[in-house]
Amino acid sequence: FGLTFGSLLRGLKPQQLNQTMQWVAIAGILLALGSNSIPVSFYGGGVDFWLNSPVLVLIKLGVILVLVTFAYIWTLQPAAQTWSWVRTLGTNSLLVYWVHIELVYGHWLGFWKENLSVPQTSMLAIGVVVLMVILCVVRAHIGTLKQAVLAWRRPLATEPAAGE
């Protein structure tokens, strides 16, 4: 769905993009806040909100649409024209997706699963985002870092002592 949404946005004229993103934000807010009013009984029995509820899917979609709008607004700022953490994450999205899946759902942080409070989970989520930005920056500058490490490890050239 993300690829289709991105393709639709790329097909828009630049003057249409601002208004479209306003509608995306409105739709996201309505989905995130309004979906909760849909009765669970509407879907029949056996629906667990946190496991298989269509309402949760709509709420998540609404949050994602609001985040997309935030990313769009962020990249319009003058400071974001030189470097932007949002753009950095976007241009390295496959790497970010893969590593965050390993961290969040893999065994790396498994000892914290279902043991954190909401504030702790929020802080850990912010930490994962910061780690992903650092990972992207390191990946972008890996060549320079390799040269610096190799220059540091290279033994100093020594002159033979007088009389040797």
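Going by this note's numbering, the residue at position 113 of the sequence shown is 216; the numbering climbs one at a time, nothing skipped.
Glycine included, every Cβ here is placed at the ideal spot set by N, Cα and C.
Please report the Cβ distance between Val189 and Trp177, rounded to the nearest whole angstrom; I am assuming they are in contact, meaning their Cβ atoms lie under 8 Å.
The residue you call residue 189 lines up with position 86 of the sequence shown. The residue you call residue 177 lines up with position 74 of the sequence shown. Rounded, the Cβ-Cβ distance is 5 Å, consistent with contact.
Using a Cβ distance threshold of 8 Å, determine whether the segment 230 to 244 contacts the segment 179 to 198, with at least three qualifying pairs required.
yes
Could you compute how far the alpha carbon of Phe173 sits from the alpha carbon of Thr247?
Sequence index remark: in the sequence shown, residue 173 carries index 70 (1-based). Sequence index remark: in the sequence shown, residue 247 carries index 144 (1-based). Straight-line Cα distance between these residues: approximately 32 Å.
State the DSSP-derived secondary structure class of Lys116, mapped to helix, strand or coil.
In the sequence shown, the residue the question calls residue 116 occupies position 13. DSSP places Lys116 in coil when its eight states are reduced to three.
Give the secondary structure of Glu217 by DSSP, where H, G and I count as helix, E and B as strand, and everything else as coil.
Here residue 217 refers to the residue found at position 114 of the sequence shown. Here Glu217 sits in coil by DSSP.
What's the call for Val221, buried or exposed, on a 16-neighbour Cβ count within 10 Å?
Taking the sequence shown and counting its residues from 1, one reaches residue 221 at position 118. The residue in question, Val221, is exposed, as its Cβ has fewer than 16 Cβ neighbours within 10 Å.
Quick check on Trp177: does DSSP put it in helix, strand or coil?
Looking up residue 177 in the sequence shown gives position 74. Here Trp177 sits in helix by DSSP.
Cutoff 7 Å; reference Leu206; Cβ partners in own chain excluding five residues on either side
Within the sequence shown, numbered from 1, the residue matching residue 206 stands at position 103. So the qualifying residues of the chain are Leu212 and Val231.
Does the segment 129 to 139 come into contact with the segment 107 to 115, if we say contact requires no fewer than three beta-carbon pairs (one atom in each stretch) closer than 8 Å?
no
Quick check on Trp186: does DSSP put it in helix, strand or coil?
Working through the sequence shown from its first residue, we reach residue 186 at position 83. Reduced to three states, the DSSP call for Trp186 is coil.
Whole angstroms is fine: what's the gap from Leu253's alpha carbon to Gln122's?
The residue you call residue 253 lines up with position 150 of the sequence shown. The residue you call residue 122 lines up with position 19 of the sequence shown. Each residue's Cα considered, the two are about 51 Å apart.
Range covered by the alpha helix (DSSP H) that runs through Asn155
Locating residue 155 in the sequence shown gives position 52, counting from the first residue. Run containing Asn155: Phe152 to Asn155, per the alpha helix (DSSP H) assignment.
Sequence-distant residues of its chain with Cβ nearer than 7 Å to Ile141 (five each side left out)
On the sequence shown, position 38 is the one that residue 141 refers to. Cβ within range, chain order: Val158.
Would you tell me roughly how many angstroms separate the C-alpha atoms of Asn155 and Gly105, rounded to the nearest one?
The residue given as residue 155 occupies position 52 in the sequence shown. The residue given as residue 105 occupies position 2 in the sequence shown. Their backbone Cα atoms lie some 21 Å apart in a straight line.
I want to see whether chain C comes within less than 8 Å of Gly213, judged by CB atoms only; does it?
No chain C is present in this structure, which holds just one protein chain.
Where Leu271 falls, given that 16 or more other Cβ within 10 Å makes a residue buried:
Lying outside 104 to 267, the shown extent of the chain, residue 271 is not represented and no answer is given.
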